[in-house]
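Chemist: The structure under discussion is supplied below as structure tokens; questions concerning it will follow.
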Amino acid sequence: MKPATTITFLVVLFLSTTSISYAMPTDGVIFPRKGEWKLGAEVNFLLKKEMKRPKGKVRSRQYFSTLSFAPVSWFTLDFRLGCGDIEFAAFDADAINYNTAFAGGYGFRVKLTDSQRADTVLGADIIWGFQHISVHPDPRHVNGVKNEICMDDWQTSLICARKFGWFYPYAAVKYSKVTLTRTTSQIDKRKMAGSVDRVGMAAGADFIFGENITAGIEGRFFDESAVNVDLSYKF
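Per my numbering, residue 1297 is the first one in the sequence shown, and the count goes up by one each step.
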């Protein structure tokens, strides 16, 4: 087994035996060409996320148009604009479904090593990134009380990837902080905010179809169950 493959396998194995959670898409490993753009569409399903402050479970479906720009070959800016919903089930109450409304995000990625270079460490791509997503669904009225919610997710990630022709698998270690803010319109107008920060992981692959079209899939699991898919065009 080659060194890069061995290290990727060991990272996945180590993290799979620990308590990990709370992740958002890492934006994968495909960069636009220098001075060019990458336009795409992405669907992100957060199937289950457990919060400790406030105690409860969160689900979310997010739909984005994505845009990336690379001013240089080793750095890219990433943007998301779309919509999303949130379902929150507090520990001591029924779940509330907040209908789809605004969602957006931004971030960047830096390619620290390039597997196409002969002097690359272990023949792998190492990519460091930062991402932020914010979801602001419509409020819901329950028993005459107006309930509002928003979710913010900040994340930094380190990806190890290896390209095999059109197939580009990767594993990522990440640190993520999730903040959930709820507001009710009761007489005392309570505003409740809570956050959870954890080390986690993601694993996925990008697929290259010709010079300009790419697709990707990424999963997050264990304490969190989530998956995202995307399709992009470089120009």
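All residues carry an ideal CB built from backbone N, CA and C; glycine is no exception.
From a predicted model like this one, the values you see are computed outputs, not experimental measurements.
#1: Alpha carbon to alpha carbon, how far is Q1358 from Y1464? Give it in angstroms, no decimals.
#2: Counting C-beta neighbours from all protein chains within 10 Å, is the total for L1342 16 or more, i.e. buried, or is it exposed?
#3: Do I1422 and I1455 count as a contact pair if the criterion is CB distance below 9 angstroms?
#4: When the Cα of K1334 is compared with those of L1363, P1321, K1345, which residue comes out closest?
#5: For T1302, which residues in the same chain have their Cβ closer than 8 angstroms to its Cβ, ignoring the five residues on either side in sequence?
#6: Hey, how far is the Cα of N1439 from the Cα of W1370?
#7: How should F1517 be labelled, buried or exposed, when 16 other C-beta atoms within 10 angstroms of its C-beta is the threshold for buried?
#8: What span of residues does the beta strand (DSSP E) with D1381 cover, start to end?
#9: Check whether chain B comes within 9 angstroms of M1347, counting only Cβ atoms and requiring the distance to be less than that.
#10: Just confirm the distance between the C-beta atoms of R1329 and K1459, as a whole number of angstroms; I'd bet it's less than 8 angstroms.
#11: Given a threshold of 16 other Cβ atoms within 10 Å of its Cβ, counted over all protein chains shown, does Q1412 qualify as buried or as exposed?
#12: So, do the region 1372-1385 and the region 1394-1402 have three or more beta carbon pairs nearer to each other than 8 angstroms?
#13: Could you check what DSSP says for G1403 in three-state terms: helix, strand or coil?
#14: Is it right to say A1389 is buried, meaning 16 or more other beta carbons lie within 10 angstroms of its own, or is it exposed?
#15: Distance, Cα to Cα, H1428 vs V1495?
Modeler: Let's see:
#1: For this step, residue 1464 is matched to residue 168 along the sequence shown. For this step, residue 1358 is matched to residue 62 along the sequence shown. When rounded, the distance between both Cα atoms is 24 angstroms.
#2: For the purposes of this step, residue 1342 is taken as residue 46 along the sequence shown, with counting starting at 1. Classification for L1342: buried.
#3: For the purposes of this step, residue 1455 is taken as the residue at position 159 of the sequence shown. For the purposes of this step, residue 1422 is taken as the residue at position 126 of the sequence shown. Yes; because the gap between Cβ atoms is below 9 angstroms, this pair is in contact.
#4: Counting from 1 along the sequence shown, the entry for residue 1334 is found at position 38. K1334 has its Cα closest to that of L1363, out of L1363, P1321, K1345.
#5: The residue given as residue 1302 occupies position 6 in the sequence shown. For T1302, the predicted structure reports a pLDDT of 39, less than 50, and the residue's modelled location is therefore unreliable. A value from the coordinates is still provided. Within the same chain, T1302 has no close Cβ partners at all.
#6: Taking the first residue of the sequence shown as 1, we reach residue 1439 at position 143. Taking the first residue of the sequence shown as 1, we reach residue 1370 at position 74. The alpha-carbon atoms of N1439 and W1370 are separated by roughly 53 angstroms.
#7: As a working mapping, residue 1517 is identified with position 221 in the sequence shown. Buried is the call here.
#8: For the purposes of this step, residue 1381 is taken as residue 85 along the sequence shown, with counting starting at 1. Where D1381 is concerned, the enclosing beta strand (DSSP E) stretches over 1371-1386.
#9: The structure shown contains no chain B; it holds only a single protein chain.
#10: Reading the sequence shown from its first residue, position 33 is the one you call residue 1329. Reading the sequence shown from its first residue, position 163 is the one you call residue 1459. Incorrect: roughly 15 angstroms between the Cβ atoms, too far for contact.
#11: Taking the sequence shown and counting its residues from 1, one reaches residue 1412 at position 116. That one is exposed.
#12: yes
#13: For this step, residue 1403 is matched to residue 107 along the sequence shown. If DSSP states are grouped into helix, strand and coil, G1403 belongs with the strands.
#14: Taking the sequence shown and counting its residues from 1, the one referred to as residue 1389 is at position 93. Exposed, by the Cβ-count rule.
#15: As a position in the sequence shown, residue 1428 is number 132, starting the count at 1. As a position in the sequence shown, residue 1495 is number 199, starting the count at 1. Each residue's alpha carbon lies about 16 angstroms from the other.
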